[in-house]
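Counting in the working numbering, the sequence shown runs from 1189 upward without gaps. We treat Cβ as the ideally placed atom computed from N, Cα and C, and that holds for glycine. Fair warning: this is a prediction, and the values are worked out from it, not measured in the lab. Encoded as structure tokens, the structure appears first; notes follow it.
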Amino acid sequence: MKLKRIIFISYTIFIFLFMSFGISFAETSSELQEKKKEIDNQIKEINSEIAGNKAQMTNALTQINKLNSEISTYEGEISDLETRITDVSAQIIEKENNIKEQETKYEQQNELLAKRLVALYESGSTSYLDLLLSADSLSDFISKYYMIEQLAEYDEDLLNQIENTKKQIEAEKEYLISAKAEIENSKVAIEGKKNSLASSKNQKEALVTTLTEEEKSLQEQLEEFEKDKKEVQQKLAALAAKYKGTVVAPSAAGYTSPLPGRTKSNITTGYGAYAGHTGVDFACPGGTAVLAVKSGTVVTSTALRYSNGNYKSYGEYIVIDHGDGTMTLYAHMQSGSRRVSVGSTVSQGQQIGSVGSTGNSTGNHLHFEVWVSGRRTNPVPYLP
Ligand SMILES: [Zn+2]
1189 MKLKRIIFIS YTIFIFLFMS FGISFAETSS ELQEKKKEID NQIKEINSEI AGNKAQMTNA
1249 LTQINKLNSE ISTYEGEISD LETRITDVSA QIIEKENNIK EQETKYEQQN ELLAKRLVAL
1309 YESGSTSYLD LLLSADSLSD FISKYYMIEQ LAEYDEDLLN QIENTKKQIE AEKEYLISAK
1369 AEIENSKVAI EGKKNSLASS KNQKEALVTT LTEEEKSLQE QLEEFEKDKK EVQQKLAALA
1429 AKYKGTVVAP SAAGYTSPLP GRTKSNITTG YGAYAGHTGV DFACPGGTAV LAVKSGTVVT
1489 STALRYSNGN YKSYGEYIVI DHGDGTMTLY AHMQSGSRRV SVGSTVSQGQ QIGSVGSTGN
1549 STGNHLHFEV WVSGRRTNPV PYLP
């Protein structure tokens, strides 16, 4: 009774260890593959975001270049207008000076005339006629007459001339003032355009800054994911290396392991684990070598496919007849990985193919069966 209990407990512990170890390996390997797939998807997503970002940035930079050239055109126009304003302002000052000069001349002329009139008055005459009448002789009369006539003509001409010049200058000055106002207005309009271009340029530049920051953060995320991916790949490589070349002693049945370094403790899905599970599964990285458990002759080496070419059932599989009443079956191997054909003689531990996921399989694993006298049996007692 006591012994039976101990055996039962030991068996329970054994089952527990066996299952936990098996499951933990399976989780580690498939989890890592799943994680890698997820990371790859995220990397793809970020790369497409980066590409979109770059396209936006190129577009913004092209627009900035265009705006820059438009702004520089306007700046050239503004500088031309400023030169014209300076020129016209100088011309206006010149005209103003001319007007002043003409006014001075006019005043001087007026003064001169007034002086003459004073002289006439002082000589006792109050008019040209009085002056004429004051002549003492004919010759005096004639000389006075001509003098007066010339004086009057000269005065009138000069005054008219000055008046005209002054008017002309003033008209020119008016024209220049309105021209200057016009130039100043167009300068203001062009400055307005330039400012609106500069503000849209600033907006584009802000966009580029934002895009640059976004890209920086995306690149950082990408680096993070690449790092994670590398880590996962290293873990997967370590898992693969862990078993590479390791040899497990043959079982009592004379079988060695169908996978390097694995024993029945690495089984991830047992015989009869679900209805119709006619062998045991070892989840492990794709590409792991599949080994003949005992020497024998290959009786099947083929791929099971639907009529449309897709893999079905065992997918790529091999059956070896060991000549001792037992046969072993290796299924779901990688496409193109089978190394032996029907009739080949294989030795124990010889690689016959690689682990894959062809046929009715959802992830990389080896499905292994043992047949005794043509009937499938639980492979566990046969395995090391
Ligand atoms: Zn299976």
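**Request:** Below 8 Å on the Cβ atoms is my guess for residue 1564 versus residue 1466; work out the distance and round it to an integer in Å.
**Result:** 5 Å
**Prompt:** Can you name, in chain order, every residue of its own chain whose Cβ lies under 6 Å from the Cβ of residue 1538, other than the five neighbours on each side?
**Reply:** 1480
**Asked** What distance in whole Å lies between the Cβ atoms of residue 1571 and residue 1417, which are believed to be in contact at a cut-off of 8 Å?
**Response** That belief does not hold up - the Cβ atoms of residue 1417 and residue 1571 are roughly 35 Å apart, past 8 Å.
**Prompt:** Quick one: is residue 1357 buried, meaning 16 or more other Cβ sit within 10 Å of its Cβ, or exposed?
**Reply:** buried
**Asked** Where residue 1209 and residue 1516 are concerned, what is the direct C-alpha to C-alpha distance, given to the nearest angstrom?
**Response** Because the pLDDT at residue 1209 is just 40, under 50, the model does not fix this residue reliably, and the value given afterwards should be weighed accordingly. Cα-Cα distance, rounded: 25 Å.
**Message:** Please tell me whether, using a cut-off of 7 Å, the distance from the CB of residue 1457 to the nearest non-hydrogen atom of ligand 1 is below it.
**Reply:** yes
**Prompt:** Can the beta-carbon of residue 1472 be found less than 8 Å from the beta-carbon of residue 1558?
**Reply:** no
**Asked** Quick one: is residue 1489 buried, meaning 16 or more other Cβ sit within 10 Å of its Cβ, or exposed?
**Response** buried
**Message:** For residue 1569, count the other beta carbons within 10 Å of its own beta carbon; 16 or more makes it buried, fewer makes it exposed. Which is it?
**Reply:** exposed
**Request:** Please name the residue or residues paired with residue 1484 in a DSSP beta bridge.
**Result:** 1534
**Rounded Cβ spacing between residue 1494 and residue 1520 (contact assumed at less than 8 Å)** = So it is not a contact: roughly 16 Å between Cβ atoms.
**Asked** Which residue or residues does DSSP assign as beta-bridge partners of residue 1493?
**Response** 1499
**Item:** Inter-residue spacing [alpha-carbon to alpha-carbon] between residue 1460 and residue 1498
**Value:** 26 Å
**Request:** State buried or exposed for residue 1295, treating a residue as buried only when at least 16 other CB atoms are found within 10 Å of its CB.
**Result:** exposed
**Asked** Does the stretch 1280-1288 touch the stretch 1432-1444, meaning 3 or more C-beta pairs lie closer than 8 Å?
**Response** At 8 Å Cβ cutoff, the stretches do not touch.
**Request:** Take residue 1219 and list the residues in its own chain whose beta-carbon comes closer than 6 Å to its own, dropping the five residues that flank it on each side.
**Result:** For residue 1219, same chain residues with a beta-carbon under 6 Å away, outside a window of 5 residues either side, do not exist.
**Asked** Between which two residues does the beta strand (DSSP E) carrying residue 1563 extend?
**Response** Segment 1563-1565, the beta strand (DSSP E) holding residue 1563.
**Prompt:** By DSSP, does residue 1209 sit in helix, in strand, or in coil?
**Reply:** Unreliable positioning characterises residue 1209 in this predicted model, as indicated by a pLDDT of 40, which lies under 50. A coordinate reading is not provided.
**Request:** Could you round the C-beta distance between residue 1484 and residue 1513 to whole angstroms and report it? I think they count as a contact, below 8 Å.
**Result:** That pair is no contact at about 11 Å.
**Item:** DSSP-derived helix/strand/coil call for residue 1365
**Value:** helix
**Cα-Cα separation between residue 1327 and residue 1363, rounded to whole angstroms** = 54 Å
**Prompt:** Do residue 1409 and residue 1234 have their C-beta atoms within less than 8 Å of each other?
**Reply:** yes
**Item:** residue 1193, DSSP secondary structure in three states
**Value:** In this prediction, residue 1193 has a pLDDT of 42, which is less than 50 and means its spatial position is unreliable; nothing more can be read from the coordinates.
**Item:** beta strand (DSSP E) segment containing residue 1554, residue limits
**Value:** Unbroken beta strand (DSSP E) run through residue 1554: 1553-1560.
**Per DSSP, the bridge partner or partners of residue 1443** = For residue 1443, which the question treats as bridged, DSSP gives no partner whatsoever.
**Candidates 1242, 1545, 1289 and 1406: closest to residue 1351 by CA position** = 1289
**Request:** Check the C-beta distance from residue 1468 over to residue 1487 and give it rounded, since I have them as a contact under 8 Å.
**Result:** The C-beta separation of residue 1468 from residue 1487 comes to about 20 Å, leaving the pair out of contact by the 8 Å criterion.
**Prompt:** For residue 1440, does the count of other Cβ atoms within 10 angstroms reach 16, so buried, or fall short, so exposed?
**Reply:** exposed
**Prompt:** Counting pairs of Cβ atoms below 8 Å between the stretch 1255-1273 and the stretch 1379-1397, do you hit three or more?
**Reply:** yes
**Item:** DSSP beta-bridge partners of residue 1508
**Value:** Listed as beta-bridge partners of residue 1508 by DSSP are 1486 and 1516.
**Request:** Would you mind giving the Cβ-Cβ distance between residue 1388 and residue 1269, rounded to the nearest angstrom? I have them listed as a contact below 8 Å.
**Result:** Going by Cβ atoms, the distance from residue 1388 to residue 1269 rounds to 22 Å, so no, they are not a contact pair.
**Message:** Going by DSSP, what residue range makes up the beta strand (DSSP E) through residue 1522?
**Reply:** Per DSSP, residue 1522 belongs to no beta strand (DSSP E) and is neither H nor E.
**residue 1510: CB within 7 Å of a non-hydrogen atom of ligand 1** = no
**Prompt:** For residue 1403, which residues from the same chain have a beta carbon less than 7 Å from its beta carbon, with the 5 sequence-adjacent residues on both sides left out?
**Reply:** 1238 and 1241
**Message:** Looking at ligand 1, does it come within less than 7 Å of residue 1467, judged from the CB to the closest heavy atom?
**Reply:** yes
**Request:** Might you give, ordered along the chain, the residues of its own chain that have their beta carbon closer than 8 Å to the beta carbon of residue 1368, omitting 5 neighbours on each side?
**Result:** 1273, 1276, 1277 and 1280
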